Each structure stands twice: as C-alpha cells, then as structure tokens.
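Here is the structure we will look at, set down as structure tokens.
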Amino acid sequence: MAFEMYRRPFLSLLLICLVADLADAQSNGVIRGQILVPSVRISERIQVILQRSDGPIVSRGFSDSLGNYEFRGLPPGTYDVVVNLAGYGEARQSVGIGTGLAGTQIVNIVLTEKERERNANDASSSESDVVDITELGRKYPRKVLDEYEKAREDNRKGNTAKAGERLEAVVKAAPDFFAAHNTLGTIYQKMDRYRDAEREYNAARQLNPRSSQPLENLGSLYIQEADASRKTDPSNVGKILDNALDILDEAKKLNPRSVSAHYLLGLANYRSEFYEEAEQSFKRALGLDGRMPGARLMLANLYIKLQKWDNALQHLDAWLSDNPKAPERAQILETRAKVADRLRGAGK
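Mapped onto the working numbering, the consecutive letters of the sequence shown carry residue numbers 31 to 378.
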C-alpha cells in the first residue's frame with residue numbers, strides 16, 4: 031500500500047504502514063450472513079456459534095429479526111459457523127479467514143426441518159421432490175438443495191474451485207436462488223474473478239433489492255480490485271473506487287444500521303484520499319458497534335497520516351482496552367509508544 035511521506039519520513043512511514051497493515055488484518059476478520067428458515071420463525075433471534083475448526087468456541091451471537099448475523103474482528107484462521115435450532119437439523123459450515131478484503135466471508139445458513147427432511151428423502155414422486163425451505167417462500171428441487179449443501183461442504187474443506195462448479199450448476203437450475211448467487215459471488219471474489227463475482231452479486235441484488243448484502247459485497251469487490259490494479263493498471267484505480275463509493279453509499283442508504291456498509295464506505299473514501307468522508311464513515315461504524323477493531327485501527331491510521339497524534343493515541347488506547355489478549359497487542363503497544371513520542375514532540 032502506498033502512502034505519502036511527511037516530516038521525518040522514515041518514522042512516519044513506519045507508523046503508517048504498521049497501523050495500516052494491522053487494520054487490514056483486523057478488517058479481514060468478518061463473517062456475516064443470513065439464517066434462512068422455512069417458516070415464520072425467522073422473526074426469532076437465533077443463536078449462532080462461531081468456533082475454531084480445531085474446537086474452541088470463539089463467540090456466541092444472535093441473528094436479528096430478519097435472520098442476519100455478523101462476527102467481526104476475527105484473526106486469520108478457519109472457523110465453523112454452527113446453528114442448532116429445535117426442530118431443525120444442525121447446520122455447520124466452515125469458512126477460512128485470510129488477509130485482504132477477500133477475508134470478509136458471507137456464510138448463509140439454510141436450516142432444514144427434520145420431519146420435512148425425512149419426508150423428502152422418502153418421497154418418490156416428482157411433486158414430492160420439492161422441499162419448501164429457504165428465502166422468500168421460494169421452492170427449490172431437492173437435487174438443487176443437495177448440490178448447494180455439497181458446495182458448502184467443498185468450500186468448508188477449502189476446495190474453492192469445486193464449490194464454484196457446484197454453485198454454477200445450482201444457479202443454472204435455480205436462477206432465483208438468492209443465497210446461491212451471493213455465495214457464488216464470494217467464491218469468484220476469492221479467486222480474483224472480478225467480473226464473474228460482479229455478475230453474481232448483481233444477480234443477488236436483483237433477486238432481493240431490500241438486502242444490502244450484495245451491495246456491500248460489490249463494494250468490497252471494487253475495493254479489492256482497485257488495490258490489485260494499483261500495480262497493473264493504476265490509471266483505472268480512481269474509476270473503480272468511484273464505483274465502490276457509489277454502490278456503498280447505496281448500501282448505507284438501504285441499511286443505515288449496517289456496520290459493514292459504513293466501514294467499507296470509509297475504506298473506499300480512505301483509498302480515494304477523501305479523508306474527511308472516511309473519518310465520518312469510520313466514526314459511524316464505531317457508533318453502531320463501539321468495539322469494532324477494524325474501524326478503530328483505520329481511524330488511528332487516518333489520524334497518523336494527518337499527524338493528529340492525540341486523536342490517533344485515543345483510538346489506539348481504546349483498541350488496547352478492548353483487546354487485552356489480541357496477538358497483535360505487542361505491535362500496537364509499540365506503535366502507541368511512537369505516536370506518544372510524536373505527540374510530545376509536537377508539544378515542544
């Protein structure tokens with residue numbers, strides 16, 4: 031990532047890159063999605079468990095009334111998203127979190143009623159071969175749902191290419207399957223297939239215009255593409271970021287309480303060097319979730335870039351208070367000490 035250099039350039043660059051790299055690593059730790067339930071029980075708040083694939087539970091949360099859930103501030107690694115709801119089979123999906131914006135993962139959980147699952151397996155007629163589950167009251171053939179589940183399992187095992195192939199078959203057989211289009215978009219995005227990901231996110235967007243998820247995914251995609259284009263096609267970066275700004279502004283208006291929409295809008299503004307707008311978006315994200323580490327560190331990074339040492343120190347201290355056992359704590363403490371030195375120097 032390129033930055034302008036200020037006074038005492040070597041120290042300023044060290045501080046900026048250190049905090050920015052840590053911010054990017056934290057921002058990658060986002061797992062979000064929707065619990066898809068075949069009945070009006072979607073209005074309930076459903077418990078979602080996040081655990082490391084090697085066993086330890088990381089966090090427990092609840093979906094909102096629409097089934098949306100979100101976990102943030104996750105370090106890189108492999109996680110299982112687990113949902114157990116009475117009357118439904120256990121849903122478990124593994125997802126890998128890495129670095130870069132591709133680390134923001136969408137995991138939609140489809141719950142299947144136990145009795146209906148049994149009846150579907152026993153049925154032999156073509157009429158009974160349709161299982162009424164998932165979003166918006168739509169019905170999908172059992173074979174399509176089976177293939178979707180296999181794609182999720184392939185993705186859990188890290189077989190991204192195979193998961194993509196299965197999902198391609200799913201959306202061909204069921205063009206109105208919102209979750210499949212959205213998930214296929216995330217698969218393509220991980221594979222750096224930008225136009226294919228864009229197509230799938232737009233398909234999901236058309237299927238559910240009330241959902242901000244496809245818009246947020248598109249914004250994330252454009253930011254990732256802009257970052258990749260800085261070396262390969264720098265003249266196109268501004269145009270790509272403009273697309274990100276437009277789509278994320280739309281996402282923010284559609285869902286004003288989406289932390290991800292505000293955070294990603296802040297990131298797009300920051301990449302575009304619209305620092306005042308970036309500051310407003312990061313602050314809004316923090317206003318919605320005061321413990322969001324990515325927004326904290328991006329604000330600290332922004333203030334370091336602008337040499338607002340006191341403000342940077344405030345957000346570094348808040349991050350340290352919120353994350354007493356974070357593996358990056360030693361690095362943040364080192365950065366804090368350097369920022370404090372700059373603040374003392376500015377006061378002389």
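From the three backbone atoms N, C-alpha and C, an ideal C-beta is built for every residue, glycine too.
Since this is a predicted model, take the numbers as computed values, not measurements.
- For Q81 and R374, the gap between their C-alpha atoms comes out near 43 Å.
- A straight line joining the alpha-carbon of L248 with that of G377 spans about 44 Å.
- In terms of Cβ geometry, Y300 and A325 do not form a close pair [threshold 7 Å].
- Relative to the Cα of A233, the nearest Cα in the group A209, R122 and L104 belongs to A209.
- Cα atoms of N238 and S351: separation of roughly 39 Å, rounded to the nearest angstrom.
- If you keep only unbroken alpha helix (DSSP H) runs of at least 4 residues inside the segment 178-261, you get 190-203, 208-220 and 224-237.
- Cα atoms of N185 and R287: separation of roughly 29 Å, rounded to the nearest angstrom.
- Boundaries of the alpha helix (DSSP H) harbouring D347: W339 to D352, taken from the DSSP string.
- K282 is classed as buried because its beta carbon has at least 16 other beta carbons within 10 Å across all chains shown.
- Assigned with DSSP and collapsed to three states, P171 falls in strand.
- For D176, the three-state secondary structure derived from DSSP is helix.
- Comparing C-alpha distances from K169 to each of A191, V369 and A203 shows the shortest one belongs to A203.
- In the structure shown, the three-state DSSP call for I270 is helix.
- DSSP places V137 in no alpha helix (DSSP H); its state is neither H nor E.
- Boundaries of the beta strand (DSSP E) harbouring D110: G107 to V113, taken from the DSSP string.
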